[in-house]
Amino acid sequence: MYVFRRQKKDGEGWRCDQRGKCNGRITVFMDTVLDEQPDTHEPDWGRCREEETVQSIKKAAETSRATTVAVVQAKVARVSYETAMKRPKFDSLKKMEEERVIILSTNQHLKLVALATYWVMDGTFKVARNVVCQVYAIHGAINGNWVPLVIVLMERKTRRSYEHVFEVLEAETRRRVRRNLEPVKISTDYEQSAIQAVRAAFTNAQKLPSD
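The working numbering runs 15 ahead of the 1-based position in the sequence shown.
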């Protein structure tokens with residue numbers, strides 16, 4: 016898989032995204048490959064499809080009138096077997112120190128997450144079970160309206176999984192928009208792993224059960 020590197024006099028320069036492991040490069044002008052230095056590894060079509068799925072979700076979320084959760088569900092449900100197999104098997108996942116999650120948001124949405132004083136969080140289970148365990152959404156109250164601000168694709172429902180989501184979310188919010196996450200109230204469902212992770216991550220927030 017190639018990523019844009021720089022604009023050259025004779026076209027666009029692209030390189031293999033496995034930087035440091037592969038020296039593959041191509042020069043493209045008006046959809047025509049002018050020069051090519053081949054990859055030193057076999058093509059990974061499942062990984063390419065995985066990236067296409069993520070980009071498709073982002074594009075659809077910007078243009079669709081459906082809820083963000085509905086967009087994610089629709090795209091993930093159509094993921095091919097080959098792409099689904101790119102994730103580790105369940106037994107391997109249990110041995111990993113860090114939990115694999117995909118967090119979908121934008122810098123503008125991260126600003127809104129930081130500004131929102133009241134969060135409502137809930138997960139949708141039994142969605143494309145061969146790909147993810149659940150689609151988890153964080154909604155914020157913005158000007159009296161509930162807005163989906165963060166969508167998370169999770170492979171597990173453990174306390175550590177939720178803690179990892181909050182750690183990444185806090186770190187990226189500080190890095191990208193230079194704000195801290197300080198919700199005053201948080202509503203969750205009755206998933207004990209999520210409740211425990213919320214209590215640990217946001218000690219000053221009032222915890223409320225979802226209706």
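Built from N, CA and C at the ideal position, the CB exists for glycine as well.
- By the neighbour-count criterion, in which 16 or more other beta carbons inside 10 Å mark a residue as buried, M45 falls on the exposed side.
- Put simply, of L184, A215, G159 and R190 the residue whose alpha carbon is nearest the alpha carbon of L119 is L184.
- Distance from the CA of P198 to the CA of D204, rounded to the nearest whole angstrom, comes to 17 Å.
- Residue pairing by DSSP places L49 opposite no residue, since no beta bridge is assigned to it.
- The shortest CA-to-CA distance from I166 to any of K172, V192 and G138 is the one to G138.
- If you draw a 10 Å sphere on the C-beta of R190, you find fewer than 16 other C-beta atoms in it, and that means exposed.
- Taking the CA atoms as reference points, P224 sits about 5 Å from S202.
- W161 sits exposed, since fewer than 16 C-beta atoms from the chains shown fall within 10 Å of its C-beta.
- Runs of the alpha helix (DSSP H) lying entirely within the stretch 192-223, each at least 4 residues long, are 207-216 in chain order.
- A straight line joining the alpha-carbon of G35 with that of N158 spans about 47 Å.
- Rounded to whole angstroms, A209 and N195 show a C-alpha spacing of 20 Å.
- A straight-line Cα-Cα distance of about 30 Å links C31 and E182.
- Contact between C148 and E170 holds: their C-beta atoms lie close to 5 Å from each other, under 8 Å.
- At a Cβ-Cβ threshold of 8 Å, L164 and V128 count as neighbours.
- Residue nearest to R193 within the set N122, G39, T68 and G155 is N122 (criterion: CA-CA distance).
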